[in-house]
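If you're matching positions, the sequence shown starts at 1 in my numbering and goes up one per residue.
Using N, Cα and C, we set each Cβ at its ideal position, and we do this for glycine too.
The next block holds one structure in the form of structure tokens; read it before the comments.
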Amino acid sequence: MNVGGEGHTLLNLLQSSLLADKDVDMAGYAKPHPLMDRSVINVQTRKGMSPREALLRSAEDAKIRVNEFLDKFKDGVARHRG
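Printed below as a string of structure tokens:
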């Protein structure tokens, strides 16, 4: 799957979420050239799960994890400020 306009931060997060999915056998991404504004995500899934479904599910999981982190970070900052 081609992805445009995204950097390593988002792609690495998606890759780690994909690899945590029990229905995903392999996941990785590549930026074919540093001057190109596109990347390629490769996903190999187990039978019964399409790569697109796995990517969407993993993106939702990543969103939940990021929101949990932000909540904890905000709580920590608030406690530190007193």
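Simplified DSSP state of residue i, which is helix, strand or coil
i, result
"alanine 78", "helix"
"alanine 62", "helix"
Closest Cα partner of residue i within the set the options
i, options, result
"serine 58", "Gly28, His80, Gly4 and His33", "Gly28"
"methionine 36", "Val24, Asn2, Gly82 and Ala78", "Asn2"
"asparagine 40", "Gln15, Lys22, Asp61 and Asp75", "Note on residue identity: the sequence assigns valine, not asparagine, to residue 40. With distances taken between Cα atoms, valine 40 lies closest to Gln15."
"proline 51", "Glu6, Lys22, Gly82 and His33", "Lys22"
Start and end residues, beta strand (DSSP E) containing residue i
i, result
"serine 39", "38-45"
Residue range of the alpha helix (DSSP H) that includes residue i
i, result
"leucine 35", "Looking at the DSSP string, leucine 35 is not in any alpha helix (DSSP H), and its letter there is neither H nor E."
"serine 17", "8-19"
Cutoff 8 Å; reference residue i; Cβ partners in own chain excluding five residues on either side
i, result
"valine 24", "Leu18, Val43, Gln44, Thr45, Arg46, Met49, Ala54 and Ser58"
"histidine 8", "Lys31"
Per DSSP, the bridge partner or partners of residue i
i, result
"asparagine 2", "Val40"
"methionine 26", "Gln44"
Cβ shell of residue i (< 6 Å), same chain only, five flanking positions each side left out
i, result
"methionine 26", "Gln44"
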